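Notes follow the structure.
Protein chains in written order, with this note's numbering: chain Y, 403 to 515; chain E, 440 to 555.
So, in structure tokens, the structure goes:
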């Protein structure tokens, strides 16, 4: 079975631009979460979606937004990029039930110049 | 609110030696606890998890962790280190339900080096 997939793997943008990151969950999983991992730090929670609805939001500015599609894939959008947005963006999928385990994709590495 | 403290940023052991990576947590609800491993330029791989069943949890690659409520700890151990264990290790905590209660809060991570 395929795991969580993310695209693109790497991305270079300049300040002020917009970026869209994509994630496909494990087959049968209905929940997708997004995390930001800055170099040298642990991942920080950005969003969680379940059945196309937002379940949780971390402490990130409104420049960050996300959505989940009927096939449970998800997009993370970041507007007006700042240098500090440079990070590894991780997507995790889970079944959406209690005691759930989140399974992570390989991430998208974003560099903002 | 939940938080995780991983003491020290780097641990170095000799091949064959005991591995001990420390994790302390804070949680206002009974926690679920996780250890993830991250190899260079890769995502996170689940090593093991505690979800209120047995307090001693066995994971993949010979790792195990013990939940100690009185000490609010969930330390990761492996009896004999292997060169392939060199990686970044993250401890994480979540609440015990769905939705926002299931988000993971990570520690800063510990880099494990294994000397030949």
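Note that the Cβ used here is the ideal one computed from N, Cα and C, for glycine as well.
Fair warning: this is a prediction, and the values are worked out from it, not measured in the lab.
C-beta neighbour in chain E for residue i, strict 9 Å
| i | result |
| --- | --- |
| residue 509(Y) | yes |
| residue 496(Y) | yes |
| residue 474(Y) | no |
| residue 413(Y) | no |
| residue 502(Y) | yes |
| residue 446(Y) | yes |
| residue 406(Y) | yes |
| residue 466(Y) | no |
| residue 419(Y) | no |
| residue 458(Y) | yes |
| residue 429(Y) | no |
| residue 492(Y) | yes |
| residue 426(Y) | no |
| residue 488(Y) | no |
For residue i, the residue or residues it bridges with in DSSP
| i | result |
| --- | --- |
| residue 450(Y) | 435(Y) and 458(Y) |
| residue 550(E) | 449(E) and 527(E) |
| residue 444(E) | 463(E) |
| residue 469(Y) | 477(Y) |
| residue 417(Y) | Note: residue 417(Y) sits in no beta bridge, so no partner. |
| residue 489(Y) | 512(Y) |
Per-residue contacts from residue i into chain Y (C-beta, under 9 Å)
| i | result |
| --- | --- |
| residue 472(E) | What residue 472(E) touches in chain Y: nothing, since even the nearest Cβ is about 12 Å away. |
Cβ-Cβ separation, residue j to residue i (assumed contact under 8 Å), whole Å
| i | j | result |
| --- | --- | --- |
| residue 478(E) | residue 529(E) | Not confirmed; about 12 Å, so no contact. |
| residue 558(E) | residue 513(E) | Here chain E has residues from 440 to 555 only, and residue 558(E) is not among them. |
| residue 406(Y) | residue 505(Y) | 6 Å |
| residue 551(E) | residue 450(E) | 5 Å |
| residue 497(Y) | residue 454(Y) | With 8 Å as the limit, residue 497(Y) and residue 454(Y) do not qualify as a contact, their Cβ atoms being about 16 Å apart. |
| residue 455(E) | residue 504(E) | So it is not a contact: roughly 20 Å between Cβ atoms. |
| residue 435(Y) | residue 494(Y) | 5 Å |
| residue 465(E) | residue 441(E) | 6 Å |
Neighbour flag for residue i against chain Y, beta carbons, 9 Å
| i | result |
| --- | --- |
| residue 559(E) | Outside the displayed range of chain E (440 to 555) lies residue 559(E), so it cannot be described from this structure. |
| residue 443(E) | yes |
| residue 483(E) | yes |
| residue 512(E) | no |
| residue 497(E) | no |
| residue 541(E) | yes |
| residue 507(E) | no |
| residue 475(E) | yes |
Under 8 Å from the C-beta of residue i: neighbouring residues of chain E
| i | result |
| --- | --- |
| residue 451(Y) | Those do not exist, as residue 451(Y) stays about 11 Å from chain E at its closest Cβ, beyond 8 Å. |
Chain E contact residues for residue i, given Cβ-Cβ distances below 7 Å
| i | result |
| --- | --- |
| residue 506(Y) | 482 and 483 |
Under 9 Å by beta carbon: chain E residues contacting residue i
| i | result |
| --- | --- |
| residue 470(Y) | Result: empty, since nearest Cβ-Cβ is about 14 Å, beyond 9 Å. |
| residue 435(Y) | 541, 542 and 543 |
Within chain Y, partners of residue i - CB distance below 7 Å
| i | result |
| --- | --- |
| residue 551(E) | By Cβ distance, chain Y contributes nothing, its closest Cβ being about 15 Å from residue 551(E), past 7 Å. |
| residue 529(E) | 444 |
Within chain Y, partners of residue i - CB distance below 8 Å
| i | result |
| --- | --- |
| residue 546(E) | 444 |
| query | Whole beta strand (DSSP E) runs in the stretch 448-534 of chain E with 3 or more residues, listed along the chain? | reply | When DSSP assignments are scanned along the stretch 448-534 of chain E, the uninterrupted stretches of beta strand (DSSP E) that are 3 or more residues long and fall wholly within it turn out to be 449-453, 458-460, 463-466, 471-477, 483-489, 495-497, 503-507, 512-517 and 526-533.
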